[in-house]
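Undergrad: My questions will all concern the structure given below.
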């Protein structure tokens, strides 16, 4: 659900894909289209991302898209994941993640790709790139985004352990910038957005690009190779088995 | 004003260019000449930089040098800015910044280019690369120096917001290494200098070069290109207008 | 002394080369052989490194190997130092350093090359890359390993000063991950190991490689050049003199 406030120039995009905002191919396709529209809307200078579903921001990549499907499907899916990151991490708009629940794996990547992250201070909510726990490996550009946010050492340890950090720990490590009580989340997101919008767009955009270009360019230059890597990795019997077991476990919960 | 203590091998360079130690072409030219003299003086092993003007370390690049001047002037000015950074960031001497006041933009770069930064703990004094607030963009080698000091994430946020950090916040982020009461500044700078000079020069210099060479080499390899970028950027009508407005605002103060 | 617990899949390697676990050519050769055996032992998934000598983890590279020897000897010694780092930093096993004493220079490198560092909280024990204090320079791959652990700024300062950080300071800077009372060291190391071994090996290994490959590849690509640099540096009269003086000083202690 996207709404633009033409007074402030700030859009709000509320994820609403029950039960847990999985990043399915449909979700990602719609996300990219919405983002592109906002990017081209001169009345819109910033976007706040939030979830319309309690306790969860986004549960990350939809595992059903990676399990028992065709090579063509995996290719299409992965291209959409890449596209989402390229557009969000490289967005010209100010992007603020208002994280009102847990945000593992791909959900964490969405948050990391924003300019600023505010999380509800509830220690039951956690966030992290936990791919290793599932027996899979975060792609190098997930890793690059993570390192740019928390530094090499925290990333090295957290990625290898597949850690999901409770909100207070995520804040301590710099994975999120700020913690607030749940009822203050929207208000705080709006205040942060106003602070960022006080800077002339042109100067802010060039500065953002200077900071993120090296990492974005790396994927752009190796996009097809990255798709091939993903498809061949995910097609392995051992990986398919791990993912099926993980899905069984989720269903039982 | 430069004085060398031949007993300790430590020079002190006190900036005295009223009213606010703007980095004019004259200032930078004199700075480079003084630094080169010290670099070639075998009796001198370290320099402490301070300001002879209360409440300000340096206000940064002199905007009058960037406003309404010729292309030739912009070229000469920018080459002097580059030269200053190349000499200071790559200095073989131990360099300590004794920051006795505010130090925005280019003033912050001078401090960042030293080996150690001590700042007066007065929260009214602030420091940062605030270029974005003026509608301009810090060059990539300002950014590299900043990232090497505070890490990628703090730099990303601070540069985009053009933040000027009050001394306590600057210390928290690692932008300065230490805070002291104003009356202890010179004493502390001398003590830090003595600690660094206890290390054999040769080993310290090779180590320093190992840490800073990658970033220095990048500018050296692209120096003319960087000048061209600056000149074409600063010559834009929109940028000239921003700078004129900013100067008007300063005059009214 | 190496022992493997086939129940847990965890080996313990206890350094026992009195008086101070110097990294002599013999020590390094044996270390590499032991590590390779464990690497090829399918029953072994992790190694805990500790010292059998009280108050010292390892005193670093054995200076007698670098003093008054032939070019051939220096070459052989340096290749063994490289080999040790390449195998340890790139190990497929989980590696935990249980640091029960001081660990300067090469001893610090061993610890930095592990996945996790636990140090006894005694402030009399210190750790750091103190090469500069001896008038020598840590190689760039020591520096890379250090930067990956503590970040650029802490590394820049610590390497130039040749700092040996007491345990509490080492923990503050992220040079070690955790401090424990001496009597809890082994227990804690085992608990941390169990946490890391809970992650599927394949995912953890690929993730580790993704984080460390760039830095490992750099030495692999320039290994002979690095040996030449070392040999020509260490063969200098001035360096030989510094090392002899340092050894005299140690003997007097």
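Chains as they are written, first to last, in the working numbering: chain A, 94 to 346; chain B, 94 to 346; chain C, 94 to 346. Glycine is no exception: its CB is placed at the ideal position from the N, C-alpha and C atoms. Bear in mind the structure is a predicted one, so any value in this text is a computation, not a measurement.
#1: Helix or strand or just coil, what does DSSP make of residue 277 of chain B?
#2: So, under 8 Å CB-CB, residue 220 of chain B and residue 254 of chain B are touching, yes? Tell me the CB distance rounded to an integer number of Å.
#3: Who pairs with residue 116 of chain A in a beta bridge, going by DSSP?
#4: Along the chain, where does the beta strand (DSSP E) that runs through residue 210 of chain A open and close?
#5: Please name the residue in C:233, C:316, C:242, C:181 whose C-alpha comes closest to that of residue 129 of chain C.
#6: Assuming residue 146 of chain C is part of the beta strand (DSSP E), what are its boundary residues?
#7: Of all the residues that make up the stretch 108-127 of chain B, which are near chain C by a beta-carbon distance shorter than 8 Å?
#8: Whose Cβ in chain C lies nearer than 9 Å to the Cβ of residue 245 of chain A?
#9: Would you say residue 198 of chain A and residue 211 of chain A are within 8 Å of each other, going by their C-beta atoms?
#10: What did DSSP end up calling residue 105 of chain B once you bin it into helix, strand or coil?
#11: Quick one, which residues of the stretch 283-297 of chain B are near chain C if we go by CB-CB under 9 Å, in chain order?
#12: Using 8 Å as the threshold, is the C-beta distance between residue 200 of chain B and residue 152 of chain B below it?
#13: The beta strand (DSSP E) with residue 196 of chain B in it runs from where to where?
#14: What would DSSP say about residue 272 of chain A, mapped onto helix, strand or coil?
#15: Residue 150 of chain A: which of A:183, A:135, A:115 sits nearest, CA to CA?
#16: Using a Cβ-Cβ cut-off of 7 Å (strictly less than) and excluding sequence neighbours within five positions of residue 172 of chain A, which residues of its own chain qualify?
#17: Is residue 203 of chain A near the ligand GTP - that is, is its Cβ less than 7 Å away from at least one heavy atom of it?
#18: Can you tell me where the beta strand (DSSP E) holding residue 98 of chain B begins and where it ends?
#19: Please list the terminal residues of the continuous alpha helix (DSSP H) segment that includes residue 332 of chain C.
#20: When we look at the beta-carbon of residue 133 of chain C and count the other beta-carbons within 10 Å, is it buried (16 or more) or exposed?
#21: According to the neighbour-count rule (16 or more other Cβ atoms, all chains shown, within 10 Å of its Cβ), is residue 135 of chain C buried or exposed?
#22: Between residue 287 of chain A and residue 272 of chain A, which are expected to be in contact by the criterion C-beta below 8 Å, what is the C-beta distance as a whole number of angstroms?
#23: Which of the three DSSP states, helix, strand or coil, is assigned to residue 200 of chain B?
#24: Any idea if residue 216 of chain C is buried or exposed, counting beta-carbon neighbours within 10 angstroms, 16 or more meaning buried?
#25: Comparing the C-beta of residue 209 of chain B with each C-beta of chain A, is any distance below 8 Å?
#26: Which stretch, first to last residue, makes up the alpha helix (DSSP H) that contains residue 241 of chain C?
#27: From the DSSP output, read off the bridge partner residues of residue 188 of chain C.
#28: How is the beta strand (DSSP E) around residue 220 of chain B delimited, first residue to last?
#29: Can residue 156 of chain B and residue 303 of chain B be called in contact, C-beta distance under 8 Å?
#30: CB residue 164 of chain A to CB residue 328 of chain A, shorter than 8 Å?
#31: When the Cβ atoms of the stretch 260-269 of chain B are set against those of the stretch 288-299 of chain B, are three or more pairs found closer than 8 Å?
#32: What number of angstroms, rounded off, separates the C-alpha of residue 245 of chain A from the C-alpha of residue 342 of chain B?
#33: Can you tell which of B:324, B:344, B:100, B:270 has the C-alpha that lies nearest to the C-alpha of residue 207 of chain B?
#34: Could you tell me the boundaries of the alpha helix (DSSP H) in which residue 302 of chain C lies?
#35: Identify the contact partners of residue 266 of chain C in chain B, using a Cβ-Cβ distance below 7 Å as the criterion.
#36: Is residue 111 of chain C helix, strand or coil by DSSP?
TA: Judging by the given coordinates:
#1: To locate residue 277 of chain B, count along the second chain from 1; it is residue 184. Of the three classes helix, strand and coil, the one that applies to residue 277 of chain B here is helix, per DSSP.
#2: Residue numbering aside, residue 220 of chain B sits at position 127 when the second chain is read from its first letter. Residue numbering aside, residue 254 of chain B sits at position 161 when the second chain is read from its first letter. In fact, because the Cβ distance is near 14 Å, the residues do not count as touching under 8 Å.
#3: Here the question's residue 116 of chain A lines up with position 23 in the first chain. DSSP, once it has assigned bridges, lists A:154 as partnering residue 116 of chain A.
#4: Taking the first residue of the first chain as 1, we reach residue 210 of chain A at position 117. From DSSP, the beta strand (DSSP E) with residue 210 of chain A extends over 209-213.
#5: In the third chain, residue 129 of chain C corresponds to position 36, counting from 1. Nearest of C:233, C:316, C:242, C:181 to residue 129 of chain C, Cα basis: C:181.
#6: On the third chain, residue 146 of chain C is found 53 positions in, with the first residue counted as 1. Neither: residue 146 of chain C is in no beta strand (DSSP E) and is coded neither H nor E.
#7: Within the stretch 108-127 of chain B, no residue qualifies.
#8: Numbered from its first residue, the first chain carries residue 245 of chain A at position 152. Simply 240, 241, 242, 244, 304.
#9: The residue you call residue 198 of chain A lines up with position 105 of the first chain. The residue you call residue 211 of chain A lines up with position 118 of the first chain. No, these two residues do not count as a Cβ contact at 8 Å.
#10: As a position in the second chain, residue 105 of chain B is number 12, starting the count at 1. Looking at residue 105 of chain B - three-state DSSP - the assignment turns out to be strand.
#11: Within the stretch 283-297 of chain B, the residues whose Cβ lies closer than 9 Å to some Cβ of chain C are 288, 289, 291, 292, 293, 295, 296, 297, listed in chain order.
#12: Residue mapping note: residue 200 of chain B aligns to position 107 of the second chain, counting from 1. Residue mapping note: residue 152 of chain B aligns to position 59 of the second chain, counting from 1. In contact: residue 200 of chain B and residue 152 of chain B (Cβ atoms closer than 8 Å).
#13: Against the second chain, residue 196 of chain B aligns to sequence position 103. Residue 196 of chain B -> beta strand (DSSP E) spans 194-197.
#14: Counting from 1 along the first chain, the entry for residue 272 of chain A is found at position 179. DSSP places residue 272 of chain A in strand when its eight states are reduced to three.
#15: Counted from its first residue, the first chain places residue 150 of chain A at position 57. Checked all of A:183, A:135, A:115; the closest Cα to residue 150 of chain A is A:115.
#16: Sequence index remark: in the first chain, residue 172 of chain A carries index 79 (1-based). Same-chain partners within the cutoff: 320.
#17: Questions concerning the ligand GTP fall outside what the structure shown contains, since it holds no ligand whatsoever.
#18: The residue labelled residue 98 of chain B in the question sits at position 5 within the second chain. It spans 95-98 - the beta strand (DSSP E) in which residue 98 of chain B sits, taken as one unbroken run.
#19: Counting from 1 along the third chain, the entry for residue 332 of chain C is found at position 239. Unbroken alpha helix (DSSP H) run through residue 332 of chain C: 330-345.
#20: Here residue 133 of chain C refers to the residue found at position 40 when the third chain is read from its first residue. The residue is exposed, with fewer than 16 neighbouring Cβ atoms inside 10 Å.
#21: What you label residue 135 of chain C is simply residue 42 of the third chain in a count that begins at 1. Exposed: under 16 other Cβ atoms inside 10 Å.
#22: For the purposes of this step, residue 287 of chain A is taken as the residue at position 194 of the first chain. For the purposes of this step, residue 272 of chain A is taken as the residue at position 179 of the first chain. Not a contact, Cβ separation roughly 19 Å.
#23: Taking the second chain and counting its residues from 1, the one referred to as residue 200 of chain B is at position 107. Looking at residue 200 of chain B - three-state DSSP - the assignment turns out to be helix.
#24: Reading the third chain from its first residue, position 123 is the one you call residue 216 of chain C. Exposed, by the Cβ-count rule.
#25: Against the second chain, residue 209 of chain B aligns to sequence position 116. No, because no Cβ of chain A sits closer than 8 Å to the Cβ of residue 209 of chain B.
#26: In the third chain, residue 241 of chain C corresponds to position 148, counting from 1. That run of the alpha helix (DSSP H) goes 233-243.
#27: Position 95 of the third chain, counted from the first residue, corresponds to residue 188 of chain C. Paired residue(s): C:140.
#28: Position 127 of the second chain, counted from the start, is the residue given in the question as residue 220 of chain B. Here the beta strand (DSSP E) through residue 220 of chain B covers 219-221.
#29: As a first step, residue 156 of chain B is located in the second chain; it is residue number 63 there, counting from the start. As a first step, residue 303 of chain B is located in the second chain; it is residue number 210 there, counting from the start. Cβ distance not < 8 Å, so residue 156 of chain B and residue 303 of chain B don't count as in contact.
#30: Along the first chain, read from residue 1 onward, the residue named residue 164 of chain A stands at position 71. Along the first chain, read from residue 1 onward, the residue named residue 328 of chain A stands at position 235. Result yes, Cβ atoms of residue 164 of chain A and residue 328 of chain A sit closer than 8 Å.
#31: Note that the stretch 260-269 of chain B does not touch the stretch 288-299 of chain B; fewer than 3 beta-carbon pairs, one per stretch, sit closer than 8 Å.
#32: As a first step, residue 245 of chain A must be located in the first chain, where it is residue number 152. As a first step, residue 342 of chain B must be located in the second chain, where it is residue number 249. Residue 245 of chain A and residue 342 of chain B: Cα-Cα distance of roughly 42 Å.
#33: For the purposes of this step, residue 207 of chain B is identified with residue 114 of the second chain, where counting begins at 1. Ranking the options by Cα distance to residue 207 of chain B, first place goes to B:270.
#34: The residue given as residue 302 of chain C occupies position 209 in the third chain. Start and end: 294-314.
#35: One-based indexing of the third chain puts residue 266 of chain C at position 173. The contacting residues do not exist; residue 266 of chain C stays about 11 Å from chain B at best.
#36: As a position in the third chain, residue 111 of chain C is number 18, starting the count at 1. It is coil, neither helix nor strand.
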